[in-house]
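Notes for the one structure printed next.
Numbering (this note's numbering), first residue to last: 2 to 125.
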């Protein structure tokens, strides 16, 4: 009589042993990478980080009436504000005033003689 053809016990345990060893390795690695309770934890900020509502103000001092415009110029639509890389002063690009001169003449770069690029001393 011949014996039935069963896979050996050793062969059937190989996949199980492999799974167990992978699971133990994963658990051991997770244990090692978990921060300890004595490690410094960053303080959680409360508030909305997108809108800033409820967040502390990083610039609590507000300087008003800074950067006087030349005579004949009112702020219109600001095209941009930048820092001059050569001397660190503040440069503002303005879209040639706003509205009209008061007599119905529209304000644009052709009708307003004041330069639309302003350079402000950042120390004033």
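Virtual Cβ for every residue (Gly too), placed ideally from N, Cα, C. This structure is a prediction, so every number in the text was calculated from the model and none was measured.
| Query | Result |
| --- | --- |
| Own chain partners of residue 94 with C-beta closer than 6 Å, once the 5 adjacent residues on each side are dropped | 80, 81, 118 |
| For residue 116, the nearest candidate out of 85, 70, 83 (CA to CA) | 70 |
| CA nearest to the CA of residue 97, picked from 88, 90, 86, 109 | 109 |
| Inter-residue spacing [alpha-carbon to alpha-carbon] between residue 112 and residue 122 | 27 Å |
| Cβ-Cβ separation, residue 47 to residue 55 (assumed contact under 8 Å), whole Å | 6 Å |
| Backbone secondary structure at residue 63 - three-state DSSP | coil |
| Minimum C-alpha distance to residue 77 - residue among 107, 21, 22 | 107 |
| Rounded separation between residue 88 and residue 120 - CA only | 11 Å |
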